[in-house]
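A.B. asks: I have a structure I would like to understand better, so I am pasting it below and will then ask my questions one at a time.
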Amino acid sequence: KLAKMDEHIGSLTEMKSNLEKMETKLSRPGAFSNGKDDGETKESVEYRHAFLDWVRAPSDNDRQQKAAQAAKALEAKSRADSRETRSAQVITSTGAAGGFALPEQIERQIARLSVDISPIRQLATVRLVGTSDYKELIDVGGGAFEWLGEGDTRNQTNTPDLAEVAPTFGMASAKPQATEESLDDLFFNVEDWLITSAAEAIAAGEGAAFVSGNGTKKPTGFLSGPAPLSTADSSRAFGTLQYIASAQAAAMPTTPDTFYDIVYSLRARYRRNATWVTSKLVLAAMRKYKEATTNAYMWQPGLAAGQPDMFAGYPVVEAEDMPAVGAGTFPLAFGDFKEGYLIADRVGMRITRDEITTPGFVKFYIRKRVGGKLRNTQAIKLLKIAAS
């Protein structure tokens, strides 16, 4: 009887321990977000669960095999479903050699947070592409037409001129690190930490590249094309931006009229969605300008939550990577960036875990390929700090 009692007590102790572990796991932040969410398929959920287990303990062969099997199942599912167009199409697992593809939900959240951080992503045209050889054709000349009466001969009209826009690509990467102890802690929300760390790092690098990237292993920024000219759209070559001079060799304009010159150098079709883009220091100077007749400030704060501040009747977006005021610089841009700038994201992000190079810490190398290029140079105008 004593032996049976000891056996029952042992079983009850084991059950109590298991229940405590389950309770602890369920109390972990984000535990209830691991269900099916945001249109995820059953295979996607299984892969995400297996992936997060692998992030915590990649040396566990069972967990690594589980993650690899879940990735292969998801890849097979996406190939079988011809309607599947999300990042699951390119998921492949290479284990310790090349890491794993990020689960589609985590990847989407990183992309969404990057948009909130990177101001140019909020404004530009963003394409999801399957190859770095992506190109777009832009109509630069426009087609011709003719008026006709009944019975008139239909003449051949001019064919539009097309220009090719090919974004330059580079690898955007983030490498956050965590202590081994934190990963072992069930209360440490690995998923949220990865999303936040990766998005902030990638968005910071992208923001600089989209403004002034030189196109070498990175996007070509909208300020890095051919030297801007003062000539109008009708006489300026495609691919070159137009600038309006500040009439000051090394300072901002003395009169607000210069800003109206910038506004109305832009065609009406682009003014409808135009935005000012500049840094906070230049914005501080812009806030001091007043209308000559009414003496009212040209800058107006957004009156409702989520509404942008306005300058001369158009929204203002702060981009800290814009140049400062200095002789020959272009500290202020104005235009329809959705028409004017192209961002091309390669489908899929990958992650590799490194627990060797820094003992006691685990690094996660997250990367994706992204490209950028000026799309329509008539849609963006610049302020140049120059006498003429």
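Per the working numbering, residue 3 is the first one in the sequence shown, and the count goes up by one each step.
Using N, Cα and C, we set each Cβ at its ideal position, and we do this for glycine too.
Whose C-alpha, out of Y136, P105 and G304, is nearest the C-alpha of P317?
C.D. replies: As a first step, residue 317 is located in the sequence shown; it is residue number 315 there, counting from the start. If we check each option's Cα against that of P317, G304 comes out closest.
A.B. asks: Select from K6, L185 and A180 the residue whose C-alpha is nearest the C-alpha of D55.
C.D. replies: As a working mapping, residue 55 is identified with position 53 in the sequence shown. Considering only alpha carbons, the answer is L185.
A.B. asks: Nearest to A2 by CA position, among T242, G373 and R352, is which residue?
C.D. replies: Nothing can be reported for residue 2: it is not among the residues displayed for the chain, which extend from 3 to 390.
A.B. asks: What number of angstroms, rounded off, separates the C-alpha of E322 from the C-alpha of Q309?
C.D. replies: Position 320 of the sequence shown, counted from the first residue, corresponds to residue 322. Position 307 of the sequence shown, counted from the first residue, corresponds to residue 309. When rounded, the distance between both Cα atoms is 20 Å.
A.B. asks: If you count every other CB in all the chains shown that lies within 10 Å of the CB of Q158, and 16 or more means buried, which is it?
C.D. replies: Stepping through the sequence shown from its first residue, residue 158 is reached at position 156. Label assigned to Q158: exposed.
A.B. asks: Would you report the Cα separation of V57 and R238, rounded to the nearest angstrom?
C.D. replies: Residue numbering aside, residue 57 sits at position 55 when the sequence shown is read from its first letter. Residue numbering aside, residue 238 sits at position 236 when the sequence shown is read from its first letter. Using only the alpha carbons, I get a separation of about 53 Å.
A.B. asks: Between which two residues does the beta strand (DSSP E) holding M324 run?
C.D. replies: The residue you call residue 324 lines up with position 322 of the sequence shown. Unbroken run through M324: none, as it is neither H nor E.
A.B. asks: Among the candidates Y266, I246, G315 and L344, whose CA atom is the shortest distance from the CA of P333?
C.D. replies: Within the sequence shown, the letter at position 331 stands for residue 333. The candidate whose alpha carbon is nearest that of P333 is I246.
A.B. asks: Just mark S390 as buried or exposed, buried being the case when its beta carbon has 16 or more other beta carbons within 10 Å.
C.D. replies: The sequence position of residue 390 within the sequence shown is 388, counting from 1. S390 is exposed by the Cβ-count criterion.
A.B. asks: Hey, G153 and G374: beta-carbon distance below 8 Å or not?
C.D. replies: Reading the sequence shown from its first residue, position 151 is the one you call residue 153. Reading the sequence shown from its first residue, position 372 is the one you call residue 374. Against a cut-off of 8 Å, the Cβ pair of G374 and G153 comes out as no contact.
A.B. asks: With distances taken between CB atoms, is the gap from V364 to A180 smaller than 8 Å?
C.D. replies: The residue labelled residue 364 in the question sits at position 362 within the sequence shown. The residue labelled residue 180 in the question sits at position 178 within the sequence shown. In this structure, A180 lies closer than 8 Å to V364 by Cβ.
A.B. asks: Identify which residue in P361, R371 and Y367 has its Cα closest to the Cα of A176.
C.D. replies: The count along the sequence shown starts at 1 and reaches residue 176 at position 174. Here the closest residue by C-alpha is Y367.
A.B. asks: Which residue or residues does DSSP assign as beta-bridge partners of R369?
C.D. replies: As a working note, residue 369 is residue 367 in the sequence shown. Paired residues: S175 and R352.
A.B. asks: Measure the beta-carbon distance from V349 to G132 and round it to whole angstroms, keeping in mind my assumption that it falls under 8 Å.
C.D. replies: Residue mapping note: residue 349 aligns to position 347 of the sequence shown, counting from 1. Residue mapping note: residue 132 aligns to position 130 of the sequence shown, counting from 1. Their Cβ separation, rounded to whole angstroms, is 6 Å, which keeps V349 and G132 in contact under 8 Å.
A.B. asks: Under 8 Å, do I122 and Y272 count as touching if we go by C-beta distance?
C.D. replies: Counting from 1 along the sequence shown, the entry for residue 122 is found at position 120. Counting from 1 along the sequence shown, the entry for residue 272 is found at position 270. Contact flag unset, no.
A.B. asks: Per DSSP, D292 is paired with what?
C.D. replies: If you number the sequence shown from 1, residue 292 lands on position 290. It is Lys, not Asp, that sits at residue 292 in the sequence shown. Answer by DSSP bridge pairing, in chain order: Y299.
A.B. asks: Would you tell me roughly how many angstroms separate the C-alpha atoms of K383 and D311, rounded to the nearest one?
C.D. replies: Position 381 of the sequence shown, counted from the start, is the residue given in the question as residue 383. Position 309 of the sequence shown, counted from the start, is the residue given in the question as residue 311. K383 and D311: Cα-Cα distance of roughly 20 Å.
A.B. asks: Please report the Cβ distance between S120 and A205, rounded to the nearest whole angstrom; I am assuming they are in contact, meaning their Cβ atoms lie under 8 Å.
C.D. replies: For the purposes of this step, residue 120 is taken as the residue at position 118 of the sequence shown. For the purposes of this step, residue 205 is taken as the residue at position 203 of the sequence shown. With a Cβ gap of about 4 Å, S120 and A205 count as contacting.
A.B. asks: Tell me whether K290 is buried or exposed, calling it buried when 16 or more other Cβ atoms sit within 10 Å of its Cβ.
C.D. replies: For the purposes of this step, residue 290 is taken as residue 288 along the sequence shown, with counting starting at 1. Label assigned to K290: exposed.
A.B. asks: Give me the residue from E341, S281 and A200 with the minimum Cα distance to V327.
C.D. replies: Start at 1 with the first residue of the sequence shown, and residue 327 comes out as number 325. The candidate whose alpha carbon is nearest that of V327 is S281.
A.B. asks: Which whole runs of the beta strand (DSSP E) in the region 212 to 277 are 3 residues long or more, in chain order?
C.D. replies: Runs found: 244 to 247.
A.B. asks: Should R371 and S134 be called a contact, given that it needs their Cβ atoms to be closer than 8 Å?
C.D. replies: Numbered from its first residue, the sequence shown carries residue 371 at position 369. Numbered from its first residue, the sequence shown carries residue 134 at position 132. Contact flag set, yes.
A.B. asks: Could you check whether F336 and A270 sit closer than 8 Å to each other, using their CB atoms as the reference points?
C.D. replies: Numbered from its first residue, the sequence shown carries residue 270 at position 268. Numbered from its first residue, the sequence shown carries residue 336 at position 334. Going by C-beta atoms, A270 is not nearer than 8 Å to F336.
A.B. asks: Return the first residue and the last residue of the alpha helix (DSSP H) that F332 is part of.
C.D. replies: If you number the sequence shown from 1, residue 332 lands on position 330. First-last for F332: undefined, no H or E at that position.
A.B. asks: Considering only the beta carbon of each residue, do M324 and P258 sit closer than 8 Å?
C.D. replies: Taking the sequence shown and counting its residues from 1, the one referred to as residue 324 is at position 322. Taking the sequence shown and counting its residues from 1, the one referred to as residue 258 is at position 256. No, the Cβ-Cβ distance between M324 and P258 is not below 8 Å.
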